[in-house]
Every structure is written in structure tokens, then in C-alpha cells.
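Numbering (our numbering), first residue to last: 1 to 130.
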Amino acid sequence: MQVMKNFNKILQKFFVNQKFYKMFRKLLLKLLWLYQKFFTLIGFGSCRYYPSCSEYARLNFEYNPLLTAFYNTSTRILRCNQLFDGGIEYPLLKKLYCKPADLNIDSIKYWLVPNKKGQFYIIKNFSYKG
Numbered sequence: 001m002q003v004m005k006n007f008n009k010i011l012q013k014f015f016v017n018q019k020f021y022k023m024f025r026k027l028l029l030k031l032l033w034l035y036q037k038f039f040t041l042i043g044f045g046s047c048r049y050y051p052s053c054s055e056y057a058r059l060n061f062e063y064n065p066l067l068t069a070f071y072n073t074s075t076r077i078l079r080c081n082q083l084f085d086g087g088i089e090y091p092l093l094k095k096l097y098c099k100p101a102d103l104n105i106d107s108i109k110y111w112l113v114p115n116k117k118g119q120f121y122i123i124k125n126f127s128y129k130g
């Protein structure tokens, strides 16, 4: 527990500048995009969960704080093996950060479905044209 507190302090000092934090997030999302584009063709259809682990990681890094995204993604990857059943597991969003301005069906990229814990499941809108 003490190690996690120290790690959080180090990260806060490291990411004091919000511009650097956003650049780091964009870099991680770009690396995930490259992985999805080129390396998932090798093991296509081998993930035991829906959405796939790389899509789950991308959604987490896009909408959650970095520490939460790293934790959720690592636990998901560790559970993606023959010892667990798999199934449908959507990433959870802790807080709503922005309010949408335009609400027609073609402008919504993800649906946010409330959870019992006051969190939201992030579900991809397949009719999104953007």
C-alpha cells in the first residue's frame, strides 16, 4: 500500500504539466492503434473477452486516468487465459467529464450505460460515422 502511495506521488510530480500528460496519453493511444492495426492480425480471434483486450485498453486509456487505465488493462490481460471463462466485460468510466452538445445517432461514438456503483460502462456505437 505504501508503495502505491509513493508511486502516486512520483506520478503527480512527473505529470505536473497537463500538456505533457496529454501528450503521454496520446502516445499510448497511438501505440495501441499500431498494435491493433498490425499485430492483432497474427492472433485474430484469440481473445476470450469482448471487447478484445486491446480495445478494452484503448477505451480505458482514452477515458480513464492513466493509473486506473494501467491497473484495469493489466488485470484484464492477466485474466485473458484458459483459467478464466471470458465473456463480455466492458470498461468502466469513473466520472463523466464532458457533456455532449450534439445528440443525434450519427454523432455518438460510445454509449454510457450506468452501473450500480455510480460508474458507467463504455459501449461502442456501431452506427457511428465519424
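C-beta: ideal position from N, C-alpha, C; glycine also.
Note that the structure is a prediction, hence the values are computed from the model and not measured.
(message) Between the alpha carbons of Lys19 and Ser52, how many angstroms are there, rounded?
(response) 30 Å
(request) Pull up the CB-CB distance for Asn64 and Lys94, whole angstroms please, since I reckon it's below 8 Å. (result) 6 Å
(request) Report the residue from Tyr128, Ser46, Tyr90 whose alpha carbon sits nearest the alpha carbon of Ile108. (result) Tyr128
(message) Which of the three DSSP states is assigned to Ile77 in this structure?
(response) helix
(message) Is it buried or exposed, Met1, if we count other Cβ atoms within 10 angstroms and call 16 or more buried?
(response) Note that Met1 scores 48 on pLDDT, short of 50, meaning its location in the model is unreliable and no value can be drawn from it.
(request) Quick one: using the 10 Å Cβ neighbour count with 16 as the cut-off for buried, is Asn60 buried or exposed? (result) buried
(message) For Tyr90, tell me which candidate among Cys80, Lys117, Glu55 has the shortest Cα-Cα distance.
(response) Glu55
(message) If I measure Cβ to Cβ from Ile77 and keep anything under 6 Å in the same chain, skipping five residues before and after, which residues do I get?
(response) Cys53
(message) My output table needs one value for Phe126: the three-state DSSP class, helix, strand or coil.
(response) coil
(request) Pick helix, strand or coil for Tyr121, following the three-state DSSP scheme. (result) strand
(request) Note down, in chain order, each residue of its chain lying with its Cβ closer than 8 Å to the Cβ of Thr68, except the 5 sequence neighbours on either side. (result) Asn60, Lys94
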